[in-house]
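Peer 1:
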Amino acid sequence: MPRSLWPWAAVLLVLAVMAAAPSLFTGIDPDAADLDAPLRPPSAEHWLGTDQNGRDLYARIVYGARPSLLIGTGAVLLALAAGVLIGVAAAQLGRVADQVLSRSLDVVMSVPGLLLVFLVVAVLGPGGGTAAIGLAVVSMPGFARVARGEVIRLRSAQYVEAAHGFGWSRAQVVARHVLPNAAGPVLALATVSLGAMIVASSSLSFVGLGPRPPTAEWGAMLSESREFLALAWWPAVFPGVAITVAVLAVTFVGQHLNRRVEGRHS
Amino acid sequence: MTPAGPLVAVRDLTVRFPVRHGMVEAVRGVSFRVDRGQVVAIVGESGSGKSVTARSLAGLAGDGARVGAAELTFDGVDLREVRGRAWRALRGRRVGFVLQDALGSLDPLRRVGAEVAEPLRAHRIVPGRQVDAEVVRLLGEAGIPAPESRARQYPHQLSGGLRQRALIASALAARPDLLIADEPTTALDATVQRQVLALLRERVGDGTAVLLISHDLGVVAEIADHVYVMKDGLFVEDGPAAAVLESPSHPYTRTLVGAVAGHGRGARPAGSAEPRSAGTAREVLRAEGLVKRYTLPGRGEFTAVEDVSVTVGAGETLGVVGESGSGKTTLGRLLMGLLEPDAGRVLLDGRPWDGLRGAERRAARRGVQMIYQHPLSSFDPRYTARQILEEPLRADGTPREERDRRVASLLEHVGLAPDVLDRRARELSGGQRQRLAIARALAPAPQVIVCDEPVSALDAPIQAQVLDVLTDVQERLGVAYVFVSHDLGVIRRLSHRVVVMKDGRVVESGELEKVFDHPEHPYTKALIDAVPRFAWRSSGVSSGGSKRGASVTGA
Amino acid sequence: MAGVLKTSPAGVAEARNRRRSGQGRRTLVRLVLVRLAASAGVLWGAVTVTFVLLQVMPGSTADVLLARSSVSPEVRAGIVAQYGLDDPLPVQYLTYLGRIARGEFGESYVLRRPVWDEIAAQLPGTLLLVATTLLATVVASVVLGVVSANRRAWVRSLFASAESLVVALPPFWLGLLLLTVFSCTLHWFPAIGSSSPSGLVLPTAALAAGPAAVVAGVLREGLLRAMDEPFVVTARARGIGEAALRLRHVLRHALLPVTTLLGWIAGSLIGGAVIIEIVFSRQGIGRLALSAVANKDMPMVIAVVLVTAAAFVLVTIAVDILTWVIDPRTRDAGR
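Residue numbers (this note's numbering), protein chains in the order written: chain A, 134 to 399; chain B, 2 to 556; chain C, 43 to 377.
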């Protein structure tokens, strides 16, 4: 990994630890309201200031890492699993299955992403899990298409043809050559999607379709800050910085991993 | 115009490019001249600096290139002093350029006519209203049939040969004094190559000088007056074309000449009495009445292979000759049992593929292996050379302790050093990759190896080495080859018997000498005619073609 | 295949060529028809999915449609009759298809208004925002792309870093920041809920920033790649000027991937506008959709989803036609 990426890798590590064990970073209760100290600017006592209920913003951002990052990550994992399953099935189960599955994907992709999530939320009711499922439905077709394309491409690749010539069985060839080589592009898409999914999940929380209050979630915190925009800038700034930094770290480290995978393939 | 001095005079030309640390010198001090009406060739392998040398004459050496010379003149103009806008007055107007990569040199989004018209408009050669008529005239002059409708088409609708003609028409549109042609015939089939060369030759008749850049000595022999041989940024030899090619003095030139003419080690002596001939050797592979058709969406059915029967004896090489699209690659895959024929059958060691199922069929597969044109795409990109060689051994259940020994002996057979084992294929050179591919094909101890254009992507000297390895391996292990190629020189060098394919059918077959020396089918005759004469002359075969005045026929 | 074409006799090739050039317009018509048919299929699939959703949601379909709002028994009976809820399932499905096909999306029992009236009232605002955003994206990305397509590596990496940053910004947060700075602090633009033209500036900026950064990057890569294409070097070797070179050869090639990308962006903007409308408290489909979701107002949710899907599909067809016009290679691809 190039030296310039080390800070971003470190950020990623810190965020992961923050999501796993927030109490390591702060002793303050993120939900403890202090109605005597609303909208205090950043100070030694409250590093990033307080919100309208006098809750410590730093503590809320630290505790907000888990819900904020988990929804996006969960959505990508769900989409990856479902997409690969559908994509491989479309590639392997013959023409009819391929047509049915591919056209179904077209239907899913015809609805603009956010409105599809709205539909899912309308059916399942708002919440963190629903948001993750909704986002997974939106990004699943991408994974399915890549997985299908890769399997079809590799099936006629010369090195797969050559492997058949060594006398392997069909399953052995798939396990030895097709799946490992298809994994690269699929995982590349996953890392690219992760940043977008983190932004999307915070958007959902922002409009109130994410985890229920008073859960500290970065998008939801920004939503609460809107009413006090004229009075205090800090509640509207720091959670956004947290989202942006997380997305940048995921993007840069992901791009690096992708380049390494690509280098191996070309 | 002063007819006295040379058109181009170059002394001590150097071209350097900035790289990460410092500069790399691509051209290291070359001197040459081109006279009016002369064809001068610079011959060398890829990376020898020949393209950069030519591009320097048009100020197109590339980004950041530093061009230095003691003398660099074009018709008396000192090119060292030419800057920016002044280059544009030269380019296209005085110096026409046909760049390498015929297929990518026409803008795919513009009509062919617009591309040819570009120099006409840029230099106001003819009044605007006459441009269209002039374009049609130029295309026609370049031997393009029905030029009016071709001018309205897009490049992707033209064949490679037509595109190259259009490019030449565009380079000659402004009647330049010098035409620089960089690899003008690479990627074209032999018959088309010949037509393009004839077109160039015809232009010289009009007094245009040609600077020809090529890696292909056959092309050079066809039309050049004077030849410079380039290696690692320097000229190692030069002289009149006939003299350089027929009695090369520099060892490097000799390898180039030898590689084309089949003078290398292990070439099959023409007409010699081989100990075995067809019929006497035990038959290992037999195809009977093979037919393979594909359905093309919207274009109906397309027959790739039509009623093809061939036999291959043990330890024998069957050459399969054909141009692109003749069905030879499909035939190779049918023989390997990778494709099911629509009719006919293939027998390996007397047993038909279609009678084999499951494990039996998989085991039989090991008997026929394949070597591809681009070995890199036939290796799993994640694998090191060791894993590549071990894979077939694992597949046939060779015990672990045995495998290392086998890998070492395979490397030895193909002349690779053991230090390649821990590298990935893309870190190896082209020649090393193809040796690795041969070693892997040998690993399952096959009876037959199908070689699909195995050397056509390699430079000439490397080609010769790889062909030597193939010959060597055959003598030592007695493996049979089905050798598929469009290159008659290569076929001639390796094959005992040949079949000639055209449009999916075998048009002629028989012993090598019989087919090559006394071709019967008109297509075979045309193919042999199309090979640059020099290659045959050097190997003692006469040719029907004449050097000058070859006629141009529709592509 | 190329080889087969290559060896075909000149006469046959000639005939094929004549046919081809004469067929230009007809193939376009066929392309549009084929794409329209495919789109109709896709939309039919989307309608079917919404029907299935209505069936599988907990509670009777009438309850779902009513979103638990209290209505008189007569209204309820009206719904049952309208949707044919007493009929067997296949008949219900056909009734449903027929209603949607006629554009009858029913009544929002939450808003107590026909769904279509409400959408028709809110759609123009959203479309206006999407249009200004697309325009801003194209202008900004072409300017940035051309300026940043610089041979110097550090200039390129500077722009690339800035683009990564802008892409990582959540648009709704960018909207908040713009509001904080330009409305609350500088008072240059109206704060929120404004329908005046100047009220469009900040939402457009917030929405266009990300797409513009993405497109600028793609355009820059395309320009640089095209500059190295053999046909560009060839054109330069013909002695034409740099301006003509860029205009005639380079820009068209760089714009090809951008057209595809813009089609996709136009579709996703419909979703993005929803969020931005909420940030800026603008009237539009966004607020309508959000309140419908919050209230489980299914007739409204379904109508919004289907209308936006139809818009998205139309944009895709437009992009296909545009690609057809720019790139002659695609004209033969469908045959």
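Note that CB positions come from ideal geometry on N, CA and C, so glycine has one too. If you're wondering where the values come from, they're calculated on a predicted model, not measured in any experiment.
Per DSSP, B:Q370 is paired with what?
Peer 2: In the DSSP output, where bridge partners are listed per residue, B:Q370 has B:I450.
Peer 1: In chain C, what lies closer than 9 Å to B:S171 by C-beta?
Peer 2: Neighbours of B:S171 on chain C, chain order: T276, R280.
Peer 1: Does the beta carbon of B:Y155 sit closer than 7 Å to a beta carbon anywhere in chain C?
Peer 2: At least one chain C Cβ lies under 7 Å of B:Y155.
Peer 1: Does A:L190 come within less than 7 Å of chain C when only Cβ atoms are used?
Peer 2: No, A:L190 does not count as interfacial toward chain C.
Peer 1: Does A:Q232 come within less than 7 Å of chain B when only Cβ atoms are used?
Peer 2: No, A:Q232 does not count as interfacial toward chain B.
Peer 1: Cβ atoms of B:G320 and B:G499: under 7 Å apart, would you say?
Peer 2: In the sequence as displayed, the identity of residue 499 of chain B is Val instead of Gly. Yes, the Cβ-Cβ distance between B:V499 and B:G320 is below 7 Å.
Peer 1: Taking the beta strand (DSSP E) that B:G97 belongs to, which residues open and close that run?
Peer 2: B:G97 -> beta strand (DSSP E) spans 96-99.
Peer 1: Using a Cβ cut-off of 9 Å, pull out every chain C residue sitting near B:S52, in sequence order please.
Peer 2: None at all; the shortest Cβ gap to chain C is about 11 Å.
Peer 1: Go through its chain and collect everything with a Cβ distance to C:T302's Cβ below 8 Å, but skip five positions before and after it.
Peer 2: For C:T302, where only same-chain residues beyond five positions count, the Cβ hits under 8 Å are V361, T365.
Peer 1: Taking the Cβ atom as the reference point for each residue, do B:D239 and B:Y253 lie within a distance shorter than 7 Å?
Peer 2: No. Outside cutoff.
Peer 1: Would you mind giving the Cβ-Cβ distance between B:Y373 and B:D453, rounded to the nearest angstrom? I have them listed as a contact below 8 Å.
Peer 2: The Cβ separation is near 6 Å, so the contact holds.
Peer 1: CB-CB under 7 Å to B:D488, same chain, minus the five flanking residues each way: which ones, in chain order?
Peer 2: Contacts found: S457.
Peer 1: For the region 291-316 of chain C, which residues have a CB atom closer than 7 Å to at least one CB atom of chain B, in sequence order?
Peer 2: Going along the region 291-316 of chain C in chain order, one finds H291, R294, H295 with a Cβ nearer than 7 Å to chain B.
Peer 1: Kindly identify the DSSP beta-bridge partner or partners of B:L213.
Peer 2: DSSP, once it has assigned bridges, lists B:A42, B:A182 as partnering B:L213.
Peer 1: Have a look at the DSSP bridge pairing and note the partners of B:S486.
Peer 2: Looking at the DSSP assignment, B:S486 forms a beta bridge with B:V322.
Peer 1: What is the residue span of the alpha helix (DSSP H) that B:H124 lies within?
Peer 2: Segment: none, B:H124 is in no alpha helix (DSSP H) and carries neither H nor E.
Peer 1: Should C:W196 go down as buried or exposed, given a rule of 16 or more other Cβ atoms within 10 Å for buried?
Peer 2: Exposed, because fewer than 16 other Cβ atoms sit within 10 Å of the Cβ of C:W196.
Peer 1: Let me know the secondary structure DSSP gives B:K232 once reduced to three states.
Peer 2: Residue state, collapsed to three classes: strand.
Peer 1: Check whether the Cβ of B:L110 lies closer than 7 Å to any Cβ atom in chain C.
Peer 2: Yes, because at least one Cβ of chain C sits closer than 7 Å to the Cβ of B:L110.
Peer 1: Which residues in chain F sit within 7 Å of B:M371, going by Cβ to Cβ distance?
Peer 2: In the structure shown, chain F cannot be found, because the protein chains are A, B and C.
Peer 1: Taking DSSP's pairing of strands, which residues face C:S150 in a bridge?
Peer 2: BP columns for C:S150 point to C:R155.
Peer 1: Can you tell me whether DSSP reads B:V474 as helix, strand or coil?
Peer 2: Reduced to three states, the DSSP call for B:V474 is helix.
Peer 1: With 16 other CB atoms within 10 Å as the buried threshold, where does A:S137 fall?
Peer 2: Exposed, since its Cβ has fewer than 16 Cβ neighbours within 10 Å.
Peer 1: Less than 7 Å between the C-beta atoms of B:E223 and B:L198, yes or no?
Peer 2: Their beta carbons are under 7 Å apart, which means B:E223 touches B:L198 by this criterion.
Peer 1: Rounding to the nearest angstrom, what Cα-Cα distance links A:R214 and C:A178 in this structure?
Peer 2: For the sequence presented, residue 214 of chain A should be read as Ala rather than Arg. Using only the alpha carbons, I get a separation of about 37 Å.
Peer 1: Specify the secondary structure class of B:T74 as computed by DSSP and reduced to three states.
Peer 2: B:T74 falls in the strand class under three-state DSSP.
Peer 1: Here's a check: name, in chain order, each residue in its chain whose Cβ is nearer than 7 Å to the Cβ of C:S183, leaving out the five neighbours to either side.
Peer 2: So the list reads A254, V257, A258, L261, once near-sequence residues are dropped.
Peer 1: Applying the criterion that 16 or more other CB atoms from any shown protein chain within 10 Å of the CB defines a buried residue, is C:Q97 buried or exposed?
Peer 2: Exposed.
Peer 1: Do C:R280 and B:G63 have their C-beta atoms within less than 7 Å of each other?
Peer 2: Not a contact, by the Cβ cut-off of 7 Å.
Peer 1: From the beta carbon of B:D381, is the nearest beta carbon of chain A less than 7 Å away?
Peer 2: Yes, because at least one Cβ of chain A sits closer than 7 Å to the Cβ of B:D381.
Peer 1: Is the Cβ of C:W230 closer than 7 Å to any Cβ of chain A?
Peer 2: Cβ-Cβ to chain A under 7 Å: no for C:W230.
Peer 1: Between which two residues does the alpha helix (DSSP H) holding C:T358 run?
Peer 2: Here the alpha helix (DSSP H) through C:T358 covers 340-368.
Peer 1: What is the DSSP secondary structure of C:A254, counted as helix, strand or coil?
Peer 2: Correct three-state label for C:A254: helix.
Peer 1: By the 10 Å Cβ neighbour count, where 16 or more other Cβ atoms means buried, how is C:T227 classified, buried or exposed?
Peer 2: Its Cβ having fewer than 16 others within 10 Å, C:T227 is exposed.
Peer 1: In the DSSP assignment, find the alpha helix (DSSP H) that holds B:P19 and state where it starts and stops.
Peer 2: Looking at the DSSP string, B:P19 is not in any alpha helix (DSSP H); the run it does join, the beta strand (DSSP E), is 9-19.
Peer 1: Anything in chain B within Cβ reach of A:P313, meaning under 7 Å, just list it in chain order.
Peer 2: By Cβ distance, chain B contributes R383.
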